[in-house]
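Step one of this worksheet: look at the structure below.
Numbering (this note's numbering), first residue to last: 30 to 263.
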């Protein structure tokens, strides 16, 4: 017979398993924005009680990935296109301050981590693995933020990158997941500027990197909003 401590551990592992699975499905767009998340059906799917399901949904809500409606139904959070201009503004600022800060502080050990994530990103581009691209891109820029030395910037930038994953997934699909080599090369140029301690060059690269991403996503949205897409407007 399990004691209370064992029950908590089992429930905790169940919550983590559900959270990780649903989070990946939401971020990869396998679960589309606006999709219902019914506790009973999820309980049947994962073969566990509703308690760990409910706890996993609460964690996803804290991440901004699910929403509880007034009727208490839970859905995958919609993508708010109206807020994209302010999102892009914040994203661009974080690219700049973290890349500049990394060039000012330079740290060989952390740069090993940056390079490891860059290799993962390059490998994912070759493999046309969109989810792995998005994950590696996120880790690459978060590692640069950590190198910049401001934990507040790191936390905020990580959240922005997480919020933008579904937009990136939609964008990558326009290439049939054949991401141009340009993205890999831009990362390499940022690494070189950081390692050289060239703050102004790092800043210029960050501005250009953010600008081309913003421009291409805006063009994609403008082009595709008139056609049926697997997203909901909030």
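The beta-carbon is built from N, C-alpha and C at its ideal position, and this holds for glycine as well.
Alpha carbon to alpha carbon, what distance is there between residue j and residue i?
i, j, result
"residue 177", "residue 208", "28 Å"
"residue 239", "residue 156", "24 Å"
"residue 33", "residue 97", "For residue 33, the predicted structure reports a pLDDT of 48, less than 50, and the residue's modelled location is therefore unreliable. The matter cannot be settled from this model."
"residue 42", "residue 80", "12 Å"
"residue 25", "residue 218", "The chain is shown only over 30 to 263; residue 25 falls outside these bounds and no answer can be derived."
"residue 242", "residue 163", "13 Å"
"residue 262", "residue 221", "Because residue 262 carries a pLDDT of 28, less than 50, the predicted location of this residue cannot be relied on, and no value is offered for it."
"residue 78", "residue 129", "48 Å"
"residue 4", "residue 99", "As displayed, the chain neither begins before 30 nor continues past 263, which places residue 4 out of reach and without an answer."
"residue 232", "residue 159", "27 Å"
"residue 141", "residue 102", "45 Å"
"residue 107", "residue 52", "14 Å"
"residue 257", "residue 105", "Confidence at residue 257 is low in this model, with a pLDDT of 40, below 50, so its placement is unreliable and the value that follows should be read with caution. Spanning the two alpha carbons is a distance of roughly 18 Å."
"residue 246", "residue 119", "15 Å"
"residue 146", "residue 139", "11 Å"
"residue 45", "residue 74", "15 Å"
"residue 144", "residue 169", "8 Å"
"residue 179", "residue 215", "23 Å"
"residue 210", "residue 181", "31 Å"
"residue 63", "residue 229", "43 Å"
"residue 192", "residue 203", "19 Å"
"residue 72", "residue 82", "7 Å"
"residue 212", "residue 206", "13 Å"
"residue 84", "residue 54", "17 Å"
Would residue i pass as a contact of residue j if the rule is Cβ separation under 9 Å?
i, j, result
"residue 123", "residue 174", "yes"
"residue 223", "residue 151", "no"
"residue 89", "residue 116", "no"
"residue 94", "residue 250", "no"
"residue 252", "residue 58", "no"
"residue 161", "residue 172", "no"
"residue 56", "residue 86", "no"
"residue 265", "residue 127", "No answer is possible for residue 265: the residues shown for the chain start at 30 and end at 263."
"residue 125", "residue 226", "no"
"residue 194", "residue 167", "yes"
What are the partner residues of residue i, as DSSP defines its beta bridges?
i, result
"residue 104", "65 and 96"
From which residue to which residue does the alpha helix (DSSP H) around residue i run?
i, result
"residue 180", "180-192"
"residue 130", "113-134"
"residue 226", "No alpha helix (DSSP H) contains residue 226, which DSSP labels as neither H nor E."
"residue 87", "79-91"
"residue 172", "159-177"
"residue 144", "137-156"
Determine, using beta-carbon pairs with one atom in the segment 226-236 and one in the segment 183-197, whether at least three such pairs fall under 8 Å. no
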